[in-house]
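First up is the structure itself, then whatever we jot down about it.
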Amino acid sequence: MTATNALIACPECDTLLALKDVEIRHQALCPCCGVVLYQPRNKSIMHTLSLSMTGLILILPANFLPLLSIKLLGNSQEGTLWSGVTGLFQEGLWSVAVLVLLSSIVFPTIIIVLSFLLSVHLYRHRAHRHLALWMRCLQHLEEWAMLEVYMLGIIVACVKLADTTELKFGLGLYAFVSLLVINVLLTQNVDNHLFWQHITKLQANDLKS
Ligand SMILES: [Zn+2]
34 MTATNALIAC
44 PECDTLLALK
54 DVEIRHQALC
64 PCCGVVLYQP
74 RNKSIMHTLS
84 LSMTGLILIL
94 PANFLPLLSI
104 KLLGNSQEGT
114 LWSGVTGLFQ
124 EGLWSVAVLV
134 LLSSIVFPTI
144 IIVLSFLLSV
154 HLYRHRAHRH
164 LALWMRCLQH
174 LEEWAMLEVY
184 MLGIIVACVK
194 LADTTELKFG
204 LGLYAFVSLL
214 VINVLLTQNV
224 DNHLFWQHIT
234 KLQANDLKS
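Residues 34 to 242, numbered by the numbering used here, are exactly what the sequence shown covers, in order.
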C-alpha cells in the first residue's frame, strides 16, 4: 500500500474509494454520504519521534532490571523479563520461550526502533532507500507485540503469591509498564496514511535529484 493507491471503505455507506493525498488541517469526505473518511493527524510524526525516543531509553531497564523480588522463608529472589525467558529455555519449554521472547522483547523492540528510524527521517525530510520497507514491516509487526499479555501474567502471579510471600516491585516493572504504555501510544499515534504520503513524496524527490 502507498499513499497514492490506498482504498478505503466508507463506514456509513460502504462505498469503496481511492484515498488521495490529504493536506494537514483538511478532511477527506465521502462523496455519497458526506461522512469524514480521513483527517491527517498533523503532529503524528513529531509525537512518534518523541514516543520512540522514550521507548529506546526504556528498553534496557525494562528487560534487564528486576521486575519483582520475592522473599520466601528468608530467601530473596529477583526476576527480570530476560531471566523469565532464559528460565523457560532451561526448563525445556522451547516453543513457549521463543513465543515469549518474540512477543515481549524482540517485536516491541523492533517496533520502537522502526518507529524511531521512520519518524526521524520524515521529521528531517530525509529520504532513505529502506523507508517503504521499514513502514511495511512496522504495519505487519504491530499485531505481534503482546506486552500486555506478559503484564497480565505478572499481575496474576502477584495476586497468587501475595498471601504466601513478601513481594517487592522492582525498577524494571516501572520501566516495563512505561514501555507497555509507549507501545500502545505508538500503535495509536502512527498515522499510516500520512506516513505513506510523506514516504512517497520523499522517494519521488529523491528520484528527481
Ligand atoms: Zn459514505
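Quick reminder that beta carbons are idealized off the backbone N, C-alpha and C, glycines included.
None of these values were measured; they are calculated from a predicted model.
For residue j and residue i, believed in contact at Cβ under 8 Å, the rounded distance
| i | j | result |
| --- | --- | --- |
| residue 82 | residue 156 | 5 Å |
| residue 153 | residue 138 | Actually they do not touch by this definition, with Cβ atoms about 23 Å apart. |
| residue 70 | residue 46 | No, residue 70 and residue 46 are not in contact; Cβ-Cβ is about 11 Å, not under 8 Å. |
| residue 203 | residue 100 | 6 Å |
| residue 185 | residue 191 | Not really, about 11 Å apart at Cβ, beyond 8 Å. |
| residue 215 | residue 88 | 4 Å |
| residue 179 | residue 136 | 4 Å |
Which listed residue (the options) has its alpha carbon closest to that of residue i
| i | options | result |
| --- | --- | --- |
| residue 40 | 153, 51, 78 | 51 |
| residue 73 | 223, 117, 235, 175 | 223 |
| residue 225 | 181, 151, 194 | 151 |
| residue 218 | 181, 154, 139 | 181 |
| residue 177 | 149, 220, 238 | 220 |
| residue 75 | 56, 88, 91 | 56 |
| residue 90 | 195, 58, 158, 145 | 145 |
| residue 141 | 175, 63, 77 | 175 |
Proximity test, residue i beta-carbon vs ligand 1 heavy atom, cut-off 7 Å
| i | result |
| --- | --- |
| residue 68 | yes |
| residue 170 | no |
| residue 119 | no |
| residue 142 | no |
| residue 191 | no |
| residue 81 | no |
| residue 233 | no |
| residue 113 | no |
| residue 87 | no |
| residue 45 | yes |
| residue 48 | yes |
Other residues of its chain near residue i: CB distance less than 8 Å, five sequence neighbours each side excluded
| i | result |
| --- | --- |
| residue 95 | 114, 205, 208, 209, 211, 212 |
| residue 242 | none |
| residue 236 | 160, 164, 165 |
| residue 97 | 113, 114, 115, 205 |
| residue 171 | 144, 147, 148, 151, 223 |
| residue 197 | 105 |
Span of the beta strand (DSSP E), counted from its first residue to its last, around residue i
| i | result |
| --- | --- |
| residue 104 | 101-105 |
| residue 118 | Looking at the DSSP string, residue 118 is not in any beta strand (DSSP E); the run it does join, the alpha helix (DSSP H), is 114-123. |
| residue 201 | 199-202 |
| residue 40 | 40-42 |
| residue 69 | 69-71 |
Boundaries (first-last residue) of the alpha helix (DSSP H) holding residue i
| i | result |
| --- | --- |
| residue 130 | 127-134 |
| residue 50 | Run containing residue 50: none in the alpha helix (DSSP H); it sits in the beta strand (DSSP E), 49-51. |
| residue 192 | 180-194 |
| residue 234 | 225-241 |
| residue 170 | 164-174 |
| residue 151 | 140-156 |
| residue 80 | 77-97 |
Close-in-space but distant-in-sequence residues of the same chain around residue i (CB under 7 Å, 5 per side omitted)
| i | result |
| --- | --- |
| residue 168 | 151, 228, 229, 232 |
| residue 80 | 222 |
| residue 34 | Model confidence at residue 34 stands at a pLDDT of 41, short of 50, so the residue's coordinates are unreliable; what they give is reported in the following sentence. Excluding residues within five positions, the ones whose Cβ falls inside 7 Å are 229. |
| residue 121 | 129, 130, 133 |
| residue 194 | 103, 200 |
| residue 53 | none |
Cutoff 6 Å; reference residue i; Cβ partners in own chain excluding five residues on either side
| i | result |
| --- | --- |
| residue 148 | 81, 85, 219 |
| residue 238 | none |
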